[in-house]
Amino acid sequence: MNFWELFKVSLPALLEGAQMTVRIITVGIVVALIIGLVIGVINVGNNKVLKAFARVYIGLVRGTPLLVQVFFIYFGLPTVLDFRLSAVTAGTIAIAINASAYMAEIIRAGILSIDNGQMEASRSLGLSYFQSMRKVILPQAIKRMVPPLVNQSIISLKDTSILSAIGIIELTSSGQIIIASTFKAFEVWIMVGFIYLIVIEILTLATSWLERRWTV
Amino acid sequence: MISVKNLKKSFGINEVLKDINCEIKRNEVVCVIGPSGSGKSTFLRCLNKLEEITGGHINIEEIEISDRKVNINRIRQNIGMVFQSFNLFPHLTVIDNITLAPIMLKKINKKQAEEIAYDLLKKVGLIEKVNVYPDKLSGGQKQRVAIARSLAMQPSIMLFDEPTSALDPEMVGEVLNVMKGLANEGMTMVVVTHEMGFAREVSNRVIFMENGYIVEEGEPSQIFTAPQNERTKRFLEKVL
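Residue numbers (our numbering), protein chains in the order written: chain A, 3 to 218; chain B, -8 to 231.
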């Protein structure tokens, strides 16, 4: 079997794996952005209790390996709590939580990069803190957050390969499965790598298109 | 209209305002002068609670603003503030800068808010800049838009924190003219400024601050020609 024959045979399974990867990362990023925004805004605010919680959350998530988090959520939690998660749900939660801590810090930095005079001007007009955040600070801060957020999304996308460890058949593990039956490690890993590259390239192009539209 | 009693403000161990007492009446234009570090700006920022006060009382139109139960957002709608560094919202056009707060807070629709904004832009002489973004404006134009933005909330008090200090000299006049017009309309104004000409010509009263205290206050003719306090004399000798 030459490379192209192997490619044709493997492609459907690889694309199915890629589809799983994209599904997990899409949901993961959306959830991570929401959690990250909440934690990030808490972190620039004045509520000491919430802030302490936010710091602990970020500390725990950043201070432990993703694989440990995945195992904890998939194998650990069900032993003490009375529920069972599917591997895909557990994996998506782990990816989302992991990315959210890094995104929270990106969002915090973005907000802090906006000159304090903006908040003061908005508050002096009578807008509340949250109205000012929504209408004045965040619209400016988001433009600065986009490049590092895209960066984090790319890292998280590649991190989904770790989920092969709990039996999710995403892109990496579909590669492993094909190799197990064909013994073509060299060719298949090239294909797997290439598909990751394409997905990430699409993501990058889409966001830089978005950025260009925003700055006009 | 504004009544300040025993106002104190500290930043950590640094006591910036030590014991400020003053009354500002409706339609009065009060200029606050003094050397840098004297607490003028901090005093002004306490009046709309941009700085949380450490002690004393500030009463604005019969409302004690240091009271925790007071809705400070509601009070600030009635107090316009103009900053040294303009602080226009760079992501919004001139018209959107002006209409943002009225649309959100005054329960009026976009069209009504824009009509008010057009009138204000005419007043500050910038009607041709309606749809321009702030980074395309000169410093003087920015500050005039900032004044229009504050006026759009139809406040009864306007605070100015060194409004011309960040401007090139040739642009100071256009901003001062707008402020002069406002004073002539009877707006109650508190102006922290280094423009002694403006203080002398436009204000009803001048407050001289130094080292966290009001050292002397009086009519501009008296302060500028016959200051009573040694420190006022020394300061005016340097700046005039």
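For every residue, glycine included, the Cβ atom is placed at its ideal position computed from N, Cα and C.
Quantities reported herein were computed from a predicted structural model and do not represent experimental measurements.
Taking a C-beta cut-off of 8 Å against chain B, none of the residues of the stretch 66 to 83 of chain A qualify.
Short of 8 Å from the beta carbon of Ser166(A), and not among the five residues preceding or following it, lie these beta carbons of its own chain, in chain order: Glu172, Thr174, Ser175 and Gln178. Where Phe80(B) is concerned, there is no enclosing beta strand (DSSP E), because DSSP gives it neither an H nor an E. In this chain, the beta strand (DSSP E) harbouring Ile198(B) covers Arg196 to Glu201. Against chain B, the beta carbon of Val138(A) has neighbours under 7 Å at Phe80, listed in chain order. The alpha carbon of Arg67(B) has as its nearest neighbour, out of Asn39(B), Leu91(B) and Glu43(B), the alpha carbon of Asn39(B).
Only residues of its own chain outside the window of five on either side were considered, and among them Lys133, Gln134 and Ala137 have a CB closer than 7 Å to the CB of Phe77(B), listed in chain order. Exclusion of the five residues before and after Thr94(A) leaves Ile26, Val29 and Gly30 as the residues of its chain whose Cβ lies within less than 6 Å of its Cβ. If the five residues before and after Met135(A) are omitted, its C-beta is found closer than 7 Å to the C-beta atoms of Val43, all from its own chain and listed in chain order. Boundaries of the beta strand (DSSP E) around Leu(-2)(B): Ile(-7) to Phe2.
Residue range Asn5 to Ile15 is occupied by the beta strand (DSSP E) that includes Leu8(B), with no alpha helix (DSSP H) assigned at that position.
Relative to the Cα of Pro150(A), the nearest Cα in the group Gly19(A), Arg215(A) and Ala101(A) belongs to Ala101(A).
Burial is judged here by how many other beta carbons sit within 10 angstroms of a residue's own beta carbon; Thr216(B) has fewer than 16 and is exposed.
Excluding five sequence positions before and after Ser124(A), the CB atoms of its chain that fall closer than 6 Å to its own CB belong to Ser134 and Val138, given in chain order.
With fewer than 16 other CB atoms across the displayed protein chains lying within 10 angstroms of its CB, Met3(A) is exposed.
Annotated three-state conformation of Ile70(B) is strand, per DSSP.
At least 9 Å separates the beta-carbon of Gln142(A) from that of Ile108(A). Rounded to whole angstroms, Ser147(B) and Gly71(B) show a C-alpha spacing of 8 Å.
Remark: C-beta atoms of Leu117(B) and Ala92(B) do not approach each other more closely than 9 Å. For Trp191(A), the CB contacts under 7 Å within the same chain, skipping 5 residues up- and downstream, are Gly177 in chain order. Taking a beta-carbon distance threshold of 9 Å, Ala167(A) does not count as an interface residue toward chain B.
At a beta-carbon threshold of 8 Å, the residues of chain A lying near Arg67(B) are Arg125, Ser126, Leu127 and Gly128, ordered along the chain. Annotation: Cβ neighbours of Met144(B) in chain A (cutoff 9 Å, chain order): Leu127 and Gly128. Under the DSSP assignment, Ile49(B) falls outside any alpha helix (DSSP H), being part of the beta strand (DSSP E) whose first and last residues are Gly46 to Ile51. Residue contact check for Met95(B) against chain A: a CB pair falls below 9 Å.
Inclusion of Leu(-2)(B) and Ile44(B) in the CB contact set at 9 Å is warranted, their separation being smaller than that value. DSSP lists Cys22(B) and Phe151(B) as the beta-bridge partner residues of Val182(B). Among the residues of chain A, those whose CB is under 7 Å from the CB of Ser76(B) are Gly119, following chain order. A distance below 9 Å separates the beta carbons of Asn45(A) and Arg110(A). Counted as a single uninterrupted DSSP element, the alpha helix (DSSP H) harbouring Glu161(B) occupies residues Pro160 to Asn175. By the CB criterion at 9 Å, Ile15(B) and Gly30(B) fall outside the cutoff. Only those residues of the stretch 29 to 51 of chain B whose C-beta falls short of 8 Å from the nearest C-beta of chain A are listed: Asn39 and Leu41. The residue among Thr66(A), Ala103(A), Leu205(A) and Phe188(A) with its C-alpha nearest the C-alpha of Ile41(A) is Ala103(A). The beta carbons of Val90(A) and Ile170(A) sit closer together than 9 Å. For Val206(B), the enclosing beta strand (DSSP E) begins and ends at Tyr204 to Gly209. The three-state secondary structure of Ile54(B), taken from DSSP, is strand.
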